[in-house]
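Following our numbering, the numbering of the sequence shown begins with -17 at its first residue and continues without gaps.
Just so it is clear, CB atoms sit at the ideal spot from N, CA and C, and this is done for glycine as well.
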Amino acid sequence: LMLFVAAGILHAEPVSESKPFAEKFLLLQLSDGEAEKQDKVLSVAANLLEYYGPDAIDIEITTFGPGVRLMFADNSRRERINSLMAQGVRFTVCMNTVNTIERDTGTRPELHPESIPVDVGVAHILDVVEDGYVLVRP
């Protein structure tokens, strides 16, 4: 067994507390603020939930830079975001970016109340990928 582990043949799959039966683990990155990119990320998540089933895939969407606009409370895609959240998709938002927006504009944007704050979006991505999630940037 030790030889298999050392050779990388056996590897541990990520464990999801919210989706204990998940077989696929996906992290979608959104760092662009364009409407087309936001729609694409949401569509990819929805398509994969439909293909695998919501219990078989664990999806997180991490936003940073201009991508945090997706998680603004007044985003027109809120209904789609809520639907994905209801199926277990997590949305994380980079607080470093939010703090920069507040510093530059004097106003802190209101975020979706169910978004999950992370200190630094890119560092969070590195940690989640290190845990075994596959990173995709649609």
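Just mark residue i as buried or exposed, buried being the case when its beta carbon has 16 or more other beta carbons within 10 Å.
i, result
"ASP86", "exposed"
"PHE3", "exposed"
"THR74", "buried"
"LEU31", "buried"
"TYR33", "exposed"
"ARG51", "buried"
Please classify residue i: does DSSP put it in a helix, a strand, or coil?
i, result
"LYS6", "strand"
"VAL164", "The displayed coordinates of the chain run from -17 to 120. Any statement about residue 164 would go beyond what the structure contains."
"GLY(-10)", "Because GLY(-10) sits at a pLDDT of 45, beneath the cut-off of 50, its placement in the model cannot be relied upon, and the point is left open."
"PRO99", "strand"
"LEU(-17)", "Summary for LEU(-17): the model assigns pLDDT 42, below 50, so the residue's position carries little reliability, and this model does not support an answer."
Tell me residue i's beta-bridge partners as DSSP assigns them.
i, result
"GLU42", "LEU9, ARG72"
"LEU108", "None; LEU108 has no bridge partner."
"LEU52", "Bridge partners of LEU52: none, in fact."
Between the options, which has its C-alpha nearest residue i's C-alpha?
i, options, result
"GLY35", "LEU66, GLY47, ARG62", "LEU66"
"VAL102", "THR82, ARG90, CYS76", "CYS76"
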